[in-house]
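With the sequence shown counted from 1, adding 288 to any position gets you our numbering.
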Amino acid sequence: MMKTKYHLSIFLIALFAGLMGFTTDAAAKKYLEIGGVQVTSDNYTNISASGGFPAVKSGTVTFDTASYTLTLNNATIEGNLYLTDGSKSYTIVLQGNNTLKKHNTSIYCFSSLRITGGGSLNIKAYNAAIIVIHDLTIDGCTLTANRRILVDGSLQINNSNVYVNNPNELKDGYAFYILQGITLSGCKITRPAGAKIKKMRGLNGFYYSVVDASGDMAPIVHISTGSEPEQPAKFTLDPKELTLDAWGNGQQVTLSCDKEYHVNGYEKPDWLLASGGSVDDKKSQQLYIYAKENTGPERTGEITIQTSEGNVTLKVTQRGASSTPSGTLTLDPMVLTMKYHRNEAEVTLACSD
């Protein structure tokens with residue numbers, strides 16, 4: 289009987305020790321997530337790929353647990369920043385040039401967020417660039433986003449350059465959706481021309497956004513500290529015009545720009561087709577233009593290439609099925625005489641075009 293009690297005591301001690309270990313792990317303080325990996329009191333001192341954060345591809349990422357400050361120093365992160373503690377205000381300090389990419393929402397904050405530091409942040413998201421449940425302040429930095437910014441509280445932009453290039457060119461597209469107001473200090477809207485902040489009525493109540501001179505929601509909005517309006521992008525098409533055959537065989541077009549851009553879509557006649565272009569912002573994009581078969585006369589149309597930096601027009605001509613060929617065919621020899629003991633002969637068919 290004593291032996292059984294002894295074994296039971298050992299079992300209870302082992303079970304208690306296991307529970308103590310489980311309790312210790314569970315008690316680790318959770319601060320945020322980077323690329324789906326939690327930053328806790330156990331691992332916050334080594335936020336790197338070698339420290340168990342594979343989304344951190346380069347640069348330096350540090351987190352101060354006392355002030356809830358995340359510092360990005362020339363960092364590239366392929367994943368999101370998920371700021372989970374709704375009881376604390378977060379700060380992101382930007383040093384050098386930083387990039388967040390390859391996630392539906394790049395920054396999601398459950399409390400208030402301040403982005404500052406004098407550096408830059410380039411956000412390449414799939415759905416929304418930033419979502420903040422309370423207030424968002426952008427202070428003294430440069431932020432470039434390829435998707436919209438949504439804030440349940442207020443948006444304050446101080447002495448900063450903020451470029452939102454949302455690809456949605458439809459009338460319901462927007463760069464900002466802010467519930468409690470937008471305030472600019474030391475900067476102004478430079479694009480689109482004549483744009484202004486406006487209080488809008490939506491399905492769930494009022495919100496603030498930026499509209500263009502016509503009063504339409506602006507999907508692309510640039511806010512700058514510069515006193516001069518931002519210069520428009522300069523595009524170059526190679527070739528400048530296209531001529532397609534009647535069968536509609538496609539040709540490649542190179543669209544170059546002095547600024548990085550992405551293609552949002554095309555406006556074109558039904559008989560013209562277009563594809564190509566990268567989802568990432570680049571200064572040069574390869575496009576492919578082709579057409580449906582033309583059984584009628586020659587026709588001409590224009591393709592408007594809609595980009596994040598403006599629209600570009602390409603003229604396209606398609607030859608008609610009845611078009612007179614531009615080349616001349618010659619046959620040498622014109623007459624061929626075959627002898628009975630030979631079953632082959634050489635003929636040359638040439639075209640001048």
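Note that CB positions come from ideal geometry on N, CA and C, so glycine has one too. Everything numeric in this text was worked out from a predicted model, so none of it was measured.
Check                                                                                                              : Outcome
Rounded C-alpha distance that separates Leu-438 from Tyr-451                                                       : 14 Å
Identity of the residue in Ser-572, Ala-413, Leu-575 nearest Thr-432 by Cα                                         : Ala-413
Candidates Ala-633, Asp-533, Tyr-549, Ala-417: closest to Pro-585 by CA position                                   : Asp-533
Close Cβ partners of Tyr-332 (< 7 Å) along its chain, the five nearest in sequence each way excluded               : Tyr-319, Phe-351, Thr-353
Three-way DSSP call (helix, strand, coil) for Glu-634 in this model                                                : coil
Counterpart residues of Asn-410 in DSSP-defined beta bridges                                                       : Thr-387, Thr-432
Met-622 - DSSP class collapsed to helix/strand/coil                                                                : coil
Unbroken beta strand (DSSP E) run spanning Ser-399, endpoints                                                      : Run containing Ser-399: none; DSSP gives neither H nor E here.
Euclidean distance between Cα positions of Ile-380 and Val-420                                                     : 13 Å
Rounded Cβ spacing between Tyr-496 and Lys-487 (contact assumed at less than 8 Å)                                  : 6 Å
Outcome for Thr-644 when other beta-carbon atoms lying within 10 angstroms are tallied against a minimum of 16     : As shown, the chain starts at 289 and ends at 641. That puts residue 644 outside it, with no answer to give.
Alpha carbon of Ser-377 to alpha carbon of Leu-401, nearest angstrom                                               : 6 Å
Segment limits, beta strand (DSSP E) that includes Cys-475                                                         : Where Cys-475 is concerned, there is no enclosing beta strand (DSSP E), given that its DSSP letter is neither H nor E.
6 Å CB neighbourhood of Arg-544 in its chain, flanking five on each side removed                                   : As written in the sequence, residue 544 is Ser, which differs from the Arg given in the question. Excluding sequence neighbours, Ser-544 sits near Thr-524, Ser-572.
Reduced DSSP secondary structure (H/G/I, E/B, other) of Ala-417                                                    : strand
Residue from Asp-440, Asp-427, Arg-436 with nearest C-alpha to Asn-446                                             : Asp-427
Cβ-Cβ separation, His-550 to Pro-455 (assumed contact under 8 Å), whole Å                                          : 6 Å
Spatial neighbours of Trp-559 in its chain, beta-carbon cut-off 6 Å, leaving aside the 5 residues before and after : Ala-579, Lys-580
Neighbourhood of Glu-590 by C-beta, 6 Å cutoff - its chain only, sequence neighbours within 5 removed              : Thr-601, Lys-603
Test item: CB-CB of Gln-383 and Gly-405 under 9 Å                                                                  : yes
With 16 other Cβ atoms within 10 Å as the buried cut-off, status of Gly-323                                        : buried
Reference Ser-408; option with closest CA among Leu-443, Ser-399, Val-509, Asn-361                                 : Asn-361
Distance between Thr-605 and Thr-531 (C-alpha atoms, nearest Å)                                                    : 5 Å
Beta-ladder partner(s) of Arg-607, from DSSP                                                                       : Paired residues: none, contrary to the question.
Residue burial classification, Leu-617 (beta-carbon count within 10 angstroms, cutoff 16)                          : exposed
Under the three-state DSSP convention, the category Thr-348 falls into                                             : strand
C-beta contact flag for Arg-479 and Val-499 at 9 Å                                                                 : no
Where Ala-448 falls, given that 16 or more other Cβ within 10 Å makes a residue buried                             : The question names Ala, but residue 448 is Ser in the sequence shown. Classification of Ser-448: buried, given that the 10 Å Cβ count is 16 or more.
Cβ neighbours of Lys-345 in the same chain (closer than 6 Å, five flanking residues each side left out)            : Thr-364, Glu-366
Tyr-396 to Leu-371 span [Cα, whole Å]                                                                              : 6 Å
Which residues DSSP lists as bridging Ala-579, in chain order                                                      : Leu-560
Backbone secondary structure at Leu-491 - three-state DSSP                                                         : coil
Through-space distance from Thr-513 to Glu-529, alpha-carbon basis                                                 : 38 Å
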